[in-house]
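In order, the protein sequences belong to chains A and B.
Numbered by this note's numbering, the letters in the first sequence go through residues 82 to 268 in order.
Numbered by this note's numbering, the letters in the second sequence go through residues 229 to 527 in order.
These notes are about the structure you will find just below.
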Amino acid sequence: MSGQVRALIQSMPKESATAATALSFDEAFTLHHRAVFRTARAVVRDSALAEDVTQEVFLRLYRNLDSTPGEELLRAWLLRVALNVARNTLRGQSRAAARDDEYQKTTNEVWFPQPEEDYERRLAIAEARRALDRVKEPMRSCLLLKQQGLSYREIATTLSLKETNVGSLVARGRKEFVRVYGKIGGR
Amino acid sequence: MRRCLDEGILQSYFDRELSNEHMEAVTSHLVSCMKCAVAARELEGEVLLLSSALATEFDATVPTERLRHRIDVAVAGFGLGNQNAVSEPVVLAGRGWLQSLTTLFAFTPQRTFGYAALAVVLAFAAIVGSLQWGQNPSPTIDSKNNIANVALAPPQAPITKISNTGGEPASNVVPAPVAKAPVVAGERVQRTRSVRPHTTVSNQALPQVKLLPGERSYLKTIAALDSTIKAGSNRPMRPALQAEYERNLAVVDRALAATRNAAKKNPNDPDAAEFMFNAYQSKVDLLNTVADARLYNRP
């Protein structure tokens with residue numbers, strides 16, 4: 082077990098280790114792979130890299146099945162590992178945008194929009210990303226995780242925050258995002 | 229709740245993260261406080277804007293099947309890796325050894341002096357070696373040396389005569405380094421061509437005298453042949469043959485001693501060395517003849 086994963090597990094709330102019943106590996110994948118992939122993709126901005134990150138996250142889950150938290154906080158654990166792995170992956174990765182275009186061309190599962198729609202969609206994604214980039218941490222991660230449907234408790238666990246502070250952080254992040262997004266999009 | 233709501237509480241209210249009592253209190257406050265009601269409507273609009281803006285990011289299709297396949301492969305590989313955990317340290321050790329070897333050649337300021345010293349030592353050794361080589365008599369044959377009955381041979385390759393199983397005359401001498409392998413008692417004679425005694429192998433039985441260059445191989449061959457002859461002592465030679473053998477051996481030994489002394493006194497004289505090696509070759513031939521005769525029970 083890597084030191085990083087051990088530190089993550091030790092930093093989890095103590096009741097989480099005994100909470101609820103443990104999910105099987107397959108169940109965990111079925112339930113949470115989307116959240117892991119999307120969170121990773123939001124950080125690395127590249128679908129192929131996000132796949133790498135997702136693979137690594139679930140491989141770590143497999144290695145540490147005995148020591149991961151129960152069902153209640155498993156998603157928080159997975160997303161925390163995903164954020165760490167994604168940030169580590171992002172370091173030294175400057176080819177994300179180019180690879181993402183290539184990925185969109187090669188994959189069969191991605192919906193291909195029409196050229197005009199494609200342009201508008203890409204523009205919207207670019208604007209949202211630029212606005213999100215202007216939001217400071219940990220507010221930015223709060224917004225990302227909130228968008229994934231995580232509870233405040235899960236967000237607090239994932240980001241090692243106090244649960245009572247999450248509401249304020251989400252509010253501040255939202256306001257900052259809207260302010261920047263309005264300027265960028267002219268809204 | 230009379231105090232106005234802060235943004236954290238309002239956000240928590242919309243995210244339904246407050247307790248039931250707290251939720252009711254906030255609801256009642258929003259009904260009574262116009263300022264907070266306006267803030268709440270504003271917040272609601274921003275939440276919708278945020279969701280729709282980030283939806284483009286999060287609505288991308290998730291490649292579930294490919295992810296499942298990749299993870300299955302990775303998990304299977306991890307399982308295999310665990311099974312091979314015993315052999316892994318060996319591989320890692322091998323890599324470590326290789327790495328240490330490569331780092332040996334990495335030039336660092338600390339090692340510069342070490343490598344320089346090593347280079348000086350190697351250069352010195354090369355000079356000494358080349359000088360030694362120069363003293364070693366050349367294998368080229370001078371025409372005026374063709375006075376001996378024994379064919380000339382390269383100094384470091386004593387020629388033993390060809391001894392065929394058909395019992396050809398043992399006087400055949402060839403001017404080439406074709407040799408018979410030293411015969412071990414009780415063994416079938418091995419007939420291999422070009423068996424050259426190694427000059428580098430030290431012979432413990434040799435006397436502790438300073439040997440001239442090229443002598444060692446002859447001495448080794450002679451010792452091997454001598455042991456072969458002595459090993460057959462359960463079958464004594466005919467007295468006449470024994471006497472003839474010893475007489476010839478004494479003549480060869482005297483010639484050998486004389487030529488060796490001459491070569492020793494004139495280390496830079498290639499002719500003197502040539503004569504000595506001819507004498508050695510004569511002794512090898514004699515011993516070879518006798519050993520052959522003893523092994524094949526010939527007179």
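C-beta atoms are modelled at their ideal positions from N, C-alpha and C, and glycine is treated no differently.
Nearest by alpha-carbon distance to residue 453 of chain B: which of B:516, B:345, B:499, B:477 is it? B:516
For the stretch 243–256 of chain A against the stretch 233–242 of chain B, are there 3 or more C-beta pairs whose distance is under 8 Å? yes
What does the alpha-carbon distance come out to for the pair residue 164 of chain A and residue 121 of chain A? 6 Å
Would you say residue 182 of chain B faces chain A, with C-beta separation under 8 Å as the test? Nothing can be reported for residue 182 of chain B: it is not among the residues displayed for chain B, which extend from 229 to 527.
Is there a C-beta anywhere in chain B that falls below 8 Å from the one on residue 256 of chain A? yes
Going along the chain, which residues of the stretch 255–269 of chain B sit with their C-beta nearer than 8 Å to a C-beta in chain A? none
To which residues of the same chain is residue 157 of chain A closer than 6 Å at the C-beta, ignoring the five residues directly before and after it? Once the five neighbours on either side are set aside, the close Cβ partners of residue 157 of chain A are 235, 238, 239.
In whole angstroms, what is the alpha-carbon distance linking residue 293 of chain B and residue 232 of chain B? One Cα belongs to residue 293 of chain B, the other to residue 232 of chain B, and the distance between them is close to 50 Å.
Secondary structure at residue 149 of chain A, three-state DSSP: helix, strand or coil? coil
Determine, using beta carbons only, whether residue 102 of chain A comes closer than 8 Å to chain B. Legend: pLDDT at residue 102 of chain A = 46, less than 50; position of this residue unreliable, no value from coordinates given.
In terms of residue numbering, what span does the alpha helix (DSSP H) encompassing residue 230 of chain A cover? That residue, residue 230 of chain A, is in no alpha helix (DSSP H); it is neither H nor E in DSSP.
Which of the residues in the stretch 220–232 of chain A, read from start to end, lie with their CB under 9 Å from any CB of chain B? 224, 225, 227, 228, 229, 232
6 Å Cβ shell around residue 251 of chain A - same chain, five flanking residues per side excluded: Only residues of its own chain outside the window of five on either side were considered, and among them 223, 227 have a CB closer than 6 Å to the CB of residue 251 of chain A, listed in chain order.
Could you check how far apart the C-beta atoms of residue 131 of chain A and residue 125 of chain A are, in whole angstroms? I think they sit under 8 Å. 6 Å
Check whether residue 135 of chain A and residue 295 of chain B have beta carbons under 8 Å apart: Note that the C-beta distance between residue 135 of chain A and residue 295 of chain B is below 8 Å.
Under DSSP, the alpha helix (DSSP H) around residue 132 of chain A begins and ends at which residues? 128–144
Run of the alpha helix (DSSP H) containing residue 287 of chain B, from where it starts to where it stops: That residue, residue 287 of chain B, is in no alpha helix (DSSP H); it is neither H nor E in DSSP.
Whose CA, out of B:487, B:465, B:486, lies closest to the CA of residue 521 of chain B? B:465
Among the residues of its own chain, which have a CB less than 8 Å from the CB of residue 323 of chain B, if the five just before and after it don't count? Residue confidence is low: residue 323 of chain B scores 43 on pLDDT, short of 50, so the model does not pin down where it sits. Its coordinate-derived value is still stated next. For residue 323 of chain B, where only same-chain residues beyond five positions count, there are no Cβ hits under 8 Å.
Looking at the structure shown, is residue 241 of chain A part of a helix, part of a strand, or coil, going by DSSP? coil
Hey, how far is the Cα of residue 249 of chain B from the Cα of residue 300 of chain B? 47 Å
Give, in chain order, every residue of the stretch 237–250 of chain B whose Cβ lies closer than 8 Å to some Cβ of chain A. 237, 238, 239, 240, 243, 245
Helix, strand or coil for residue 168 of chain A per DSSP? Residue 168 of chain A falls in the helix class under three-state DSSP.
Distance, Cα to Cα, residue 504 of chain B vs residue 351 of chain B? 33 Å
Give the DSSP-derived three-state secondary structure of residue 246 of chain B in the structure shown. coil
In terms of residues, what are the limits of the alpha helix (DSSP H) holding residue 476 of chain B? It spans 467–493 - the alpha helix (DSSP H) in which residue 476 of chain B sits, taken as one unbroken run.
Any C-beta of chain A under 8 Å from that of residue 355 of chain B: Answer no: the Cβ-Cβ gap between residue 355 of chain B and chain A never drops below 8 Å.
For the alpha helix (DSSP H) holding residue 122 of chain A, just list the boundary residues, first then last. Counting along the chain, the alpha helix (DSSP H) containing residue 122 of chain A begins and ends at 106–125.
Residue of B:499, B:445, B:298, B:359 minimising C-alpha distance to residue 129 of chain A: Closest option to residue 129 of chain A, Cα to Cα, is B:298.
Comparing the C-beta of residue 113 of chain A with each C-beta of chain B, is any distance below 8 Å? For residue 113 of chain A, the answer is no, since every Cβ of chain B falls outside 8 Å of its Cβ.
Three-state secondary structure assigned by DSSP to residue 496 of chain B: Under the three-state reduction of DSSP output, residue 496 of chain B falls in the coil class, being neither helix nor strand.
Any idea what DSSP makes of residue 442 of chain B, helix, strand or coil? Coil, per DSSP.
Taking just the CA atoms, how far does residue 212 of chain A sit from residue 261 of chain A? Residue 212 of chain A has its alpha-carbon roughly 5 Å from the corresponding atom of residue 261 of chain A.
Backbone secondary structure at residue 379 of chain B - three-state DSSP: Low local confidence applies: a pLDDT of 40 at residue 379 of chain B is under 50, so the model's placement there is unreliable, and no value is given.
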